[in-house]
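To keep things clear, I will list the structure first and then write my remarks on it.
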Amino acid sequence: MMKRLVVLIMAGTLVSTPTLGAQIYRTVDPAGNVTFTDNPPEGQAAEAVKLKPMTTVSPPAVKPLPASTSNDNDKPKDQPFKYDALRILSPEPGETIRGAGDLQVIAATEPEMRESDSARLLIDGKPFDSRQKSLSFALKNVDRGAHTLEVQVVDARGNTLISSRVEVFVHRAALGTPPRPTPRN
């Protein structure tokens, strides 16, 4: 899963790189319509537009999972399978999410999650959605305030095998505040 994410990010970077250094021009036609283009039209005055630097967001640093101290071949076959670790990679504990309340929850297990197991997300102790095979959850329009996000790996019978939780804070701008009433005389 992490390999796919890295490949997707690299592909997006390669596709967007040629446009990052392009010059933008502003033209006004005889009717007064403003047009922005990366190719200045011939025979028409074009003004070069100075753009603000592009806002970039660095992904959270991925902390390596602890190395397994035992070899899988050393384990007796009659012992039940056990995950060594489940870590929520994003968002980080105590992180503040600003904006519309949209966030991506990404987790990883050590060893990788088995085909027979699935993952579920709980928000403030309530299930977000049904179980799924992916350890990535897209949340939309989360209410403002403090929230506990818990990722659980469950077996086919619904038993929780391992879980991890973080607390995050959602800040949303209050728009459309009604004006104060004017006093009557």
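The sequence shown runs -22 to -1, 1 to 163 under mature numbering (1 follows the signal peptide of the UniProt record, and there is no 0). Cβ atoms here follow ideal geometry from the backbone N, Cα and C, with glycine treated the same way.
Query                                                                                                                                                  : Result
State buried or exposed for Gln130, treating a residue as buried only when at least 16 other CB atoms are found within 10 Å of its CB.                 : buried
Pull up the CB-CB distance for Arg92 and Ser142, whole angstroms please, since I reckon it's below 8 angstroms.                                        : Going by Cβ atoms, the distance from Arg92 to Ser142 rounds to 17 angstroms, so no, they are not a contact pair.
Using the rule of at least 16 other Cβ atoms within 10 Å of the residue's Cβ for burial, across every protein chain shown, is Gly33 buried or exposed? : According to the sequence as given, residue 33 is Thr; it is not Gly. Label assigned to Thr33: exposed.
Looking at C-alpha atoms only, which residue of Asp133, Ile75, Val132 is the closest neighbour of Val120?                                              : Ile75
Quick one: is Leu117 buried, meaning 16 or more other Cβ sit within 10 Å of its Cβ, or exposed?                                                        : buried
At 4 residues or longer, what runs of the alpha helix (DSSP H) sit wholly inside the segment 63 to 94?                                                 : none
What is the rounded straight-line gap between the Cα of Pro8 and the Cα of Ala23?                                                                      : 11 angstroms
Is the CB-CB distance between Phe106 and Leu99 below 8 angstroms?                                                                                      : yes
List the DSSP bridge partners of Pro42.                                                                                                                : Its beta-bridge partners do not exist; DSSP assigns none.
Around the C-beta of Val12, are 16 or more other C-beta atoms found within 10 angstroms, so that it is buried, or is it exposed?                       : exposed
Just mark Ala26 as buried or exposed, buried being the case when its beta carbon has 16 or more other beta carbons within 10 Å.                        : exposed
Should Pro42 and Val144 be called a contact, given that it needs their Cβ atoms to be closer than 8 angstroms?                                         : no
Which of the three DSSP states is assigned to Leu(-15) in this structure?                                                                              : helix
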